[in-house]
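Under full-length UniProt numbering, the sequence shown is numbered contiguously, ending at residue 412.
Here a beta-carbon is modelled for each residue, glycine too, at the ideal position from N, C-alpha and C.
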Amino acid sequence: MPVLVMKFGGTSVGDLDRIRNAAEKVRREVERGHDVIVVVSAMSGKTNELVGWVEQTSPLFDAREYDAVVSSGENVTAGLMALTLQEMDVPARSWQGWQVPLKTTSAHSAARIEEIPRANIDQKFAEGMRVAVVAGFQGISPEGRITTLGRGGSDTTAVAFAAAFDAVRCDIYTDVDGVYTTDPRIEDKARKLDRIAFEEMLELASLGAKVLQTRSVELAMRYKVKLRVLSSFEDTDDNSGTLVCAEEDIVEQNVVSGVAYSRDEAKMTLISVADRPGIAAAIFGPLSRAGVNVDMIVQNISEEGRTDMTFSCPVNQVARAADAMEKAKAAGEINFHGLVADTDVAKVSVVGIGMRSHAGVAARMFDALAAEGINIKVITTSEIKISVLIDRKYMELAVQALHDAFGLDKAA
């Protein structure tokens, strides 16, 4: 029978009533003729509780034991979902990562999936099992230890299973009914998209949209897995939610598909750095080794052999970035006259595959921000996105202005 993957996030399985609601959706898909692989997250709030317990017990914790503890939330949900389906007379069985086995690297708390052998689950489907309830977010290392895939990893688990089992689709059930042109909490004219291209969803996810984990979209794009985002709290049909698909599957498209934002940004500037070959590597090498996620980078015009280098990073990595730069300076790797951090900025971005074939997007974006008196601190672009850093207090105003400027409340 065709395989359908259904993933339920923490809010969708937050208590026994919600698990029953999710199980009812699974039962309907079984009745429609699918073998179903259900991927579940931990019940809402449980992972945070488990992480808190680990940190209270051992501030400098062993990452292997951290994974053993925090992965247990998904195990509970998987077992409860399988029991609920059995009570509905649906042949179901729960599967932990090691039982599949979902093989990963050894990078505890940030493992990457290497292989999902089909044999064990295929055998149980052949024996009459109709639903495999898989604990998301977890796998097993080459050493035989439990690993986890990082926060939001259940999305990645679901897409990986869809790819491995040639699923007809991967449905991601969450607390929203699809992907919107921007956050409806900020812009009440935000519109749900019927379809969005993989590339656009990847950009939106990486720029702050919380609907899908970035790695899950990367996997879906690589293996051409059709993703559908839809609400677990509404009645759904084949036209519900938002389909994330290949660009060629979208007939009409606005130039800009969405506006994304990230509040937790910081702008850091190294003042008066020696302008010489290799200076960028000398700066960003230590930052990389320190685990700082650098995003936007701007180098000023050189004067008398000196220049300023500006970059953005998450606000909670400012101290780590400053420490890495001071250590590099003390080691003689770089020389600068000062380091200035601005932790009161936000990143706002417009995204759309239509930018490839339409000129004037940047001008329209900058005009809209200028009309609201919003100053731009840093600009970065790619083929399908333009991002700016602005003062955080103007973030919501900027999102609303750009949403209006590009007419995102109207379909193409």
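| Query | Result |
| --- | --- |
| Exposed unless 16 or more other CB atoms sit within 10 angstroms - verdict on V378 | buried |
| C-beta contact flag for V13 and M81 at 8 Å | yes |
| Residue closest to A22, alpha-carbon to alpha-carbon, out of E55, A107, T84 and G338 | T84 |
| Neighbourhood of R191 by C-beta, 8 Å cutoff - its chain only, sequence neighbours within 5 removed | Y180, T181, L408, D409, K410 and A411 |
| Presumed contact (8 Å Cβ cut-off) between R93 and T104, rounded CB distance | Contact flag wrong, Cβ pair sits at about 22 Å. |
| Cβ neighbour criterion (16 or more within 10 Å) applied to L149 | buried |
| Rounded separation between G52 and V176 - CA only | 27 Å |
| Among I390, I283, A346 and D404, nearest to G332 - alpha-carbon criterion | I283 |
| Closest residue to D391 among E326, D344 and V30 (Cα-Cα distance) | D344 |
| Environment of H108 [buried if 16+ CB atoms lie within 10 Å] | buried |
| K224 - DSSP class collapsed to helix/strand/coil | coil |
| 8 Å Cβ cutoff, R151 in contact with chain C | Absent from the structure is chain C; it holds one protein chain and no more. |
| Backbone CA spacing between V225 and V294 [nearest angstrom] | 29 Å |
| Euclidean distance between Cα positions of residue 472 and T242 | Here the chain comprises residues numbered 1 to 412, so residue 472 is not present and cannot be evaluated. |
| Cβ-Cβ distance between L102 and I116 below 8 Å | yes |
| Boundaries (first-last residue) of the beta strand (DSSP E) holding M309 | R306 to P314 |
| Paired residues, beta bridge with R195 - DSSP | L243 |
| Residue environment, V3, which counts as buried when at least 16 other CB atoms sit within 10 Å | buried |
| Inter-stretch contact (C-beta, 8 Å, three-pair minimum) for the region 197-204 and the region 367-385 | yes |
| CB of K329 within 8 Å of CB of F336, strictly | yes |
| Beta-carbon spacing of I271, D323 below 8 Å | no |
| A220, buried or exposed, once every other Cβ within 10 Å from all chains shown has been counted against 16 | buried |
| DSSP state of A42 mapped onto helix, strand, coil | coil |
| Buried/exposed call for N254, threshold 16 Cβ in 10 Å | buried |
| Q123, enclosing alpha helix (DSSP H) - first and last residue | A119 to A126 |
| Beta-bridge partners of R93, as assigned by DSSP | A132 |
| Local Cβ density within 10 Å of I301, reported as buried at 16 or more and exposed below that | exposed |
| Exposure of H358, with buried meaning 16 or more beta-carbon neighbours within 10 Å | exposed |
| N- and C-terminal bounds of the beta strand (DSSP E) containing Y180 | That residue, Y180, is in no beta strand (DSSP E); it is neither H nor E in DSSP. |
| 6 Å Cβ shell around L227 - same chain, five flanking residues per side excluded | C170, A220 and V244 |
| Pair within 8 Å by beta-carbon distance, A346 and R263 | yes |
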